[in-house]
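Per full-length UniProt numbering, the sequence shown starts with residue 1, numbered consecutively. For glycine and all other residues, C-beta sits at the position ideal for the given N, C-alpha and C.
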Amino acid sequence: MTILEKDLKILWGRAAGRCSYCNEDLTRTFEQGSITLGEMAHVIARSQNGPRGSAEFLAENERDKYENLILLCPTHHRLIDKAPRNFAVEDILEWKRRHEEKVNFSLSNIEVQTFYELCERVAIILLENSQIHKQYGPESLVANSNPFSDVSDIWSLKKLTKIIPNNRKIINIIEKNIGLLKYTQKKTFYLFKEHAEAFELNTQSRLDREAVPRFPIEFKNMIEECMDE
Numbered sequence: 001m002t003i004l005e006k007d008l009k010i011l012w013g014r015a016a017g018r019c020s021y022c023n024e025d026l027t028r029t030f031e032q033g034s035i036t037l038g039e040m041a042h043v044i045a046r047s048q049n050g051p052r053g054s055a056e057f058l059a060e061n062e063r064d065k066y067e068n069l070i071l072l073c074p075t076h077h078r079l080i081d082k083a084p085r086n087f088a089v090e091d092i093l094e095w096k097r098r099h100e101e102k103v104n105f106s107l108s109n110i111e112v113q114t115f116y117e118l119c120e121r122v123a124i125i126l127l128e129n130s131q132i133h134k135q136y137g138p139e140s141l142v143a144n145s146n147p148f149s150d151v152s153d154i155w156s157l158k159k160l161t162k163i164i165p166n167n168r169k170i171i172n173i174i175e176k177n178i179g180l181l182k183y184t185q186k187k188t189f190y191l192f193k194e195h196a197e198a199f200e201l202n203t204q205s206r207l208d209r210e211a212v213p214r215f216p217i218e219f220k221n222m223i224e225e226c227m228d229e
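Pasting the structure below:
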């Protein structure tokens, strides 16, 4: 078996592109292109003879799935595989659980006092997403002028490590402070939420184009109008 693209995308997205042990950022972007330092490590090796491969509670045809994978930097991937007796299956899975829990916590544990303060926080995140989309997205100048450039690879990486985590952060911040929104503002927010969730699903496994709502410009306008007051 091989690791399916869907499992790779889920792994990178839930780890936010960082090592699940040391939290190192595993992406690098240069003018000439991007590289990934992250390695998709098997908790239980694919073969019986590999690191921790003798574990009997996971069939070999299940070992390339997300549940048995962990995103690590090269150093910690080598560490767990060179000294497998020192790193039990349960310990490695605990690293993964804690890291993903930390990512989720950092995206949701923000409480503010005013709608203006909420908009301030959301505006900064939207600005980062907008800049990434402008620089690397399918409608970017580079993508349109040179279809053979590396920009599509950079865009795929940025979606997993920046855009999707940022979208989750926006959703979680607003839901944590939903009482600050008026009814019409809530309706606008839910348009964004529908877009963000469909965008994430489409990144993990391609959906029909019509199934992914475009980014609602009214959400951006709502945030910017608040900032202008």
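Backbone CA spacing between Arg28 and Glu128 [nearest angstrom]: Within the sequence shown, the letter at position 28 stands for residue 28. Within the sequence shown, the letter at position 128 stands for residue 128. Rounded to whole angstroms, the gap between the alpha carbons of Arg28 and Glu128 is 16 Å.
Please state whether the Cβ-Cβ distance between Tyr136 and Val112 is less than 8 Å. By one-based count along the sequence shown, residue 136 stands at place 136. By one-based count along the sequence shown, residue 112 stands at place 112. Not closer than 8 Å, so no.
- prompt: Where in the UniProt domain "HNH nuclease" (37 to 82) do unbroken runs of the beta strand (DSSP E), each at least 3 residues long, occur, reported from the N-terminal end onward?
  reply: As far as the UniProt domain "HNH nuclease" (37 to 82) is concerned, its whole beta strand (DSSP E) runs of at least 3 residues are 39 to 42 and 69 to 72.
| said: Judging by CA-CA distance, which residue of Asp228, Phe219, Ala15 and Arg18 is the nearest neighbour of Ile171? | reply: What you label residue 171 is simply residue 171 of the sequence shown in a count that begins at 1. It is Phe219.
Presumed contact (8 Å Cβ cut-off) between Leu157 and Ser34, rounded CB distance: Locating residue 157 in the sequence shown gives position 157, where the first residue counts as 1. Locating residue 34 in the sequence shown gives position 34, where the first residue counts as 1. With a beta-carbon spacing of about 6 Å, Leu157 and Ser34 fall inside the 8 Å limit used to define contacts.
Terminal residues of the continuous alpha helix (DSSP H) containing Arg168? The count along the sequence shown starts at 1 and reaches residue 168 at position 168. Looking at the DSSP string, the run of the alpha helix (DSSP H) that includes Arg168 is Ile164 to Lys176.
| Under the three-state reduction of DSSP, which class applies to Asp208: helix, strand or coil? | On the sequence shown, residue 208 is found 208 positions in, with the first residue counted as 1. Asp208 sits in coil when the DSSP states are folded into three classes, being neither helix nor strand.
### Message
Would Lys65 and Asp7 qualify as a contact pair, given that the criterion is a beta-carbon distance under 8 Å?
### Response
Translated into the one-based positions of the sequence shown, residue 65 becomes position 65. Translated into the one-based positions of the sequence shown, residue 7 becomes position 7. For the 8 Å CB-CB criterion, Lys65 and Asp7 form a contact.
Please state the DSSP three-state secondary structure of Phe115.
Within the sequence shown, the letter at position 115 stands for residue 115. Helix, per DSSP.
Checklist entry - Mind checking whether Arg63 and Ile44 have CB atoms under 8 Å apart? => result Locating residue 63 in the sequence shown gives position 63, where the first residue counts as 1. Locating residue 44 in the sequence shown gives position 44, where the first residue counts as 1. Yes.
Is Ser34 helix, strand or coil when you go by DSSP?
Working through the sequence shown from its first residue, we reach residue 34 at position 34. The answer is strand: DSSP assigns Ser34 an E or B state.
Cβ distance (whole Å) where Phe189 is taken to contact Ile174 below 8 Å: For the purposes of this step, residue 189 is taken as residue 189 along the sequence shown, with counting starting at 1. For the purposes of this step, residue 174 is taken as residue 174 along the sequence shown, with counting starting at 1. Going by Cβ atoms, the distance from Phe189 to Ile174 rounds to 5 Å, so yes, they are a contact pair.
Q. How big is the Cα-Cα spacing for Ala59 and Leu93?
A. Within the sequence shown, residue 59 is the residue found at index 59, counting from 1. Within the sequence shown, residue 93 is the residue found at index 93, counting from 1. Taking the Cα positions, Ala59 is about 17 Å away from Leu93.
Integer Cβ distance of Gly38 from Gly17, believed to fall under 8 Å: Here residue 38 refers to the residue found at position 38 of the sequence shown. Here residue 17 refers to the residue found at position 17 of the sequence shown. Between Gly17 and Gly38 the Cβ distance is about 7 Å, and since that is below 8 Å, they are a contact.
Tell me the DSSP secondary structure of Asp153 in three-state form. In the sequence shown, counting from the first residue as 1, residue 153 sits at position 153. Helix, per DSSP.
### Task
For my contact list, Asn167 and Glu200 are in at a C-beta cut-off of 8 Å; report their separation, rounded to the angstrom.
Locating residue 167 in the sequence shown gives position 167, counting from the first residue. Locating residue 200 in the sequence shown gives position 200, counting from the first residue. At roughly 7 Å, the Cβ-Cβ gap stays under 8 Å, so Asn167 and Glu200 are in contact.
Thr203 classed as buried or exposed, judged by whether at least 16 other C-beta atoms fall within 10 angstroms: Here residue 203 refers to the residue found at position 203 of the sequence shown. Per the 10 Å Cβ criterion, buried.
Cα-Cα separation, Cys211 to Leu72: Here residue 211 refers to the residue found at position 211 of the sequence shown. Here residue 72 refers to the residue found at position 72 of the sequence shown. It is Ala, not Cys, that sits at residue 211 in the sequence shown. One C-alpha to the other measures close to 33 Å.
Check: For Arg214, which of helix, strand or coil comes out of DSSP?
Finding: The count along the sequence shown starts at 1 and reaches residue 214 at position 214. Note: Arg214 maps to coil in three-state DSSP.
Next on the checklist: Restricting to Cα atoms, I'd like to know which of Pro216, Leu181 and Ile163 is closest to Tyr116.
Outcome noted: Within the sequence shown, numbered from 1, the residue matching residue 116 stands at position 116. Among Pro216, Leu181 and Ile163, the Cα nearest to that of Tyr116 is on Leu181.
For Pro213, which option in Glu90, Leu191 and Ile3 has the closest C-alpha, if you only look at C-alpha atoms? Within the sequence shown, numbered from 1, the residue matching residue 213 stands at position 213. When Glu90, Leu191 and Ile3 are compared, the shortest CA-CA separation from Pro213 is found for Leu191.
Would you mind reading off the limits of the alpha helix (DSSP H) that contains Asp7? The count along the sequence shown starts at 1 and reaches residue 7 at position 7. In this chain, the alpha helix (DSSP H) harbouring Asp7 covers Glu5 to Arg14.
ask   = If we call anything under 8 Å between Cβ atoms a contact, is Ile80 one with Ala55?
value = For the purposes of this step, residue 80 is taken as residue 80 along the sequence shown, with counting starting at 1. For the purposes of this step, residue 55 is taken as residue 55 along the sequence shown, with counting starting at 1. Cβ atoms of Ile80 and Ala55: not closer than 8 Å.
Compute the Euclidean distance between the alpha carbons of Ser145 and Lys134, then round it to the nearest angstrom.
-> Position 145 of the sequence shown, counted from the start, is the residue given in the question as residue 145. Position 134 of the sequence shown, counted from the start, is the residue given in the question as residue 134. In a straight line, the C-alpha of Ser145 is about 14 Å away from that of Lys134.
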